[in-house]
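Protein chains in written order, with the numbering used here: chain A, 669 to 762; chain B, 60 to 306. From the three backbone atoms N, C-alpha and C, an ideal C-beta is built for every residue, glycine too. Since we're looking at a predicted model, the values are computed, not measured. Everything on this sheet refers to the single structure shown next.
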């Protein structure tokens, strides 16, 4: 589907830059809780990836079938990663 | 008209594709690129998972009866812990953030080249494609500088001690970032070919199919970098950050 909106694209660019600055800034907060730092960084990275995927790659304007065809395989490694992180945490604690 | 042109298959415009029930009027090329990107994403995911597994299991490798079998990263904390290794340098996060900025900018110029093509503005399309290629080229130069420092004294991760084969950290770092760099190089080559074609007037009719497919690839390269930047550069290794002590 043709979608032309320069202002909106620049707005997304602004969000991406803002989140990048925020990501770099959060690393330098002294004494930050490590769990909070990791969760914050991962959450911001996911939002940025979502913005690129949905707006710049036009996934937002595709049919629901195409959206899910792409999103579900993309999420499977994330599920696997969560399982691995939990397992690694268990090994470190045990 | 030449014999070749007479028999050439006319380019089908995206909006002329049949409006199929499940996927709308998405062109075959676009579906093909999405399938490729999914397989590519899973490959990157494999590398990042390997990084996560090795990083997560670092304590187990260090402390088996106080004998160091192997180690995740040779930083000051690891040396204090008694591991005999060559100190690995810290990342210049500000510099890598700048590379991220360059890649995000080249993504937005790619979007603008698509818009220009839709509006049959061939000159604008060509201009934005060259700008995107330039952004990718700058990124590659930055990555080369990050690795080797252009031969300058005290610059470059490799000359400063981050040597492939020394630690799990160095290995996974070079594999992931070099694999991404190969994608940037491919993307820049792809964009340059498209820019030349656009300059020759191949897209004067406003057929945006090719530039949209190119855009998918280029934005994917940006998307992957967003994740690599976070997981490899920003999440600190144990011992690198006061909140992440070495266990």
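I'd like to know if residue i contacts chain B, where contact means its C-beta is closer than 8 Å to some C-beta of that chain.
{"i": "residue 670 of chain A", "result": "yes"}
{"i": "residue 751 of chain A", "result": "no"}
{"i": "residue 699 of chain A", "result": "yes"}
{"i": "residue 695 of chain A", "result": "yes"}
{"i": "residue 728 of chain A", "result": "no"}
{"i": "residue 735 of chain A", "result": "no"}
{"i": "residue 675 of chain A", "result": "no"}
{"i": "residue 683 of chain A", "result": "no"}
{"i": "residue 758 of chain A", "result": "no"}
{"i": "residue 706 of chain A", "result": "yes"}
{"i": "residue 747 of chain A", "result": "no"}
{"i": "residue 709 of chain A", "result": "yes"}
{"i": "residue 690 of chain A", "result": "no"}
{"i": "residue 738 of chain A", "result": "yes"}
{"i": "residue 678 of chain A", "result": "yes"}
With respect to the alpha helix (DSSP H) encompassing residue i, which residues constitute its N-terminal and C-terminal limits?
{"i": "residue 691 of chain A", "result": "674-695"}
{"i": "residue 186 of chain B", "result": "181-207"}
{"i": "residue 289 of chain B", "result": "Segment: none, residue 289 of chain B is in no alpha helix (DSSP H) and carries neither H nor E."}
{"i": "residue 702 of chain A", "result": "702-719"}
{"i": "residue 212 of chain B", "result": "Element bounds for residue 212 of chain B: n/a, residue is neither H nor E."}
{"i": "residue 259 of chain B", "result": "No alpha helix (DSSP H) holds residue 259 of chain B; DSSP gives it neither H nor E."}
{"i": "residue 154 of chain B", "result": "152-177"}
{"i": "residue 139 of chain B", "result": "135-139"}
{"i": "residue 218 of chain B", "result": "216-219"}
Strictly by DSSP, which residues pair up with residue i?
{"i": "residue 303 of chain B", "result": "B:300"}
{"i": "residue 79 of chain B", "result": "B:83"}
By alpha-carbon positions, which one of the options ends up nearest to residue i?
{"i": "residue 247 of chain B", "options": "B:140, B:169 and B:177", "result": "B:169"}
{"i": "residue 134 of chain B", "options": "B:267, B:90 and B:228", "result": "B:228"}
{"i": "residue 280 of chain B", "options": "B:241, B:266, B:251 and B:263", "result": "B:241"}
{"i": "residue 203 of chain B", "options": "B:286, B:155 and B:72", "result": "B:155"}
{"i": "residue 724 of chain A", "options": "B:171, B:89, B:103 and B:146", "result": "B:171"}
{"i": "residue 192 of chain B", "options": "B:83, B:255 and B:300", "result": "B:255"}
{"i": "residue 205 of chain B", "options": "B:190, B:189 and B:222", "result": "B:222"}
{"i": "residue 219 of chain B", "options": "B:84, B:232, B:226 and B:145", "result": "B:145"}
{"i": "residue 112 of chain B", "options": "A:737, A:719 and A:748", "result": "A:748"}
{"i": "residue 74 of chain B", "options": "B:91, B:201 and B:265", "result": "B:265"}
{"i": "residue 236 of chain B", "options": "B:285, B:208 and B:211", "result": "B:285"}
{"i": "residue 97 of chain B", "options": "A:745, A:719, A:685 and A:707", "result": "A:745"}
{"i": "residue 114 of chain B", "options": "A:674, A:691, A:752 and A:685", "result": "A:752"}
{"i": "residue 688 of chain A", "options": "A:674, A:719, A:702 and A:732", "result": "A:719"}
{"i": "residue 735 of chain A", "options": "B:82, B:106 and B:160", "result": "B:82"}
{"i": "residue 239 of chain B", "options": "B:159, B:130, B:78 and B:93", "result": "B:159"}
{"i": "residue 262 of chain B", "options": "B:184, B:283, B:245 and B:216", "result": "B:184"}
{"i": "residue 676 of chain A", "options": "B:232, B:174, B:189 and B:260", "result": "B:174"}
{"i": "residue 296 of chain B", "options": "A:670, A:705, A:672 and A:693", "result": "A:705"}
{"i": "residue 109 of chain B", "options": "B:88, B:94, B:131 and B:92", "result": "B:131"}
{"i": "residue 732 of chain A", "options": "B:210, B:100, B:93 and B:80", "result": "B:80"}
{"i": "residue 245 of chain B", "options": "B:201, B:300 and B:277", "result": "B:277"}
Is any beta-carbon of chain A found at less than 8 Å from that of residue i?
{"i": "residue 289 of chain B", "result": "yes"}
{"i": "residue 228 of chain B", "result": "no"}
{"i": "residue 119 of chain B", "result": "Because residue 119 of chain B carries a pLDDT of 48, less than 50, the predicted location of this residue cannot be relied on, and the following value inherits that uncertainty. Yes, because at least one Cβ of chain A sits closer than 8 Å to the Cβ of residue 119 of chain B."}
{"i": "residue 286 of chain B", "result": "yes"}
{"i": "residue 112 of chain B", "result": "yes"}
{"i": "residue 82 of chain B", "result": "yes"}
{"i": "residue 159 of chain B", "result": "yes"}
{"i": "residue 379 of chain B", "result": "As displayed, chain B neither begins before 60 nor continues past 306, which places residue 379 of chain B out of reach and without an answer."}
{"i": "residue 247 of chain B", "result": "no"}
{"i": "residue 298 of chain B", "result": "no"}
{"i": "residue 95 of chain B", "result": "no"}
{"i": "residue 281 of chain B", "result": "yes"}
{"i": "residue 293 of chain B", "result": "yes"}
{"i": "residue 166 of chain B", "result": "yes"}
{"i": "residue 100 of chain B", "result": "yes"}
{"i": "residue 269 of chain B", "result": "no"}
{"i": "residue 197 of chain B", "result": "no"}
{"i": "residue 278 of chain B", "result": "yes"}
{"i": "residue 223 of chain B", "result": "no"}
{"i": "residue 177 of chain B", "result": "yes"}
Quick one: is residue i near chain C, going by C-beta distance under 8 Å?
{"i": "residue 275 of chain B", "result": "Judged by its chain identifiers, the structure shown contains no chain C, and its protein chains are A and B."}
Would you say the stretch 692-701 of chain A touches the stretch 740-752 of chain A, given that touching needs at least three Cβ pairs under 8 Å? no
Determine contact between the stretch 163-180 of chain B and the stretch 674-694 of chain A, defined as no fewer than three beta-carbon pairs at a distance below 8 Å. yes
Does the structure place the stretch 133-153 of chain B close enough to the stretch 262-282 of chain B that three or more beta carbon pairs sit under 8 Å? no
Are at least three pairs of beta-carbons, each pair with one atom in the stretch 702-720 of chain A and one in the stretch 289-296 of chain B, less than 8 Å apart? yes
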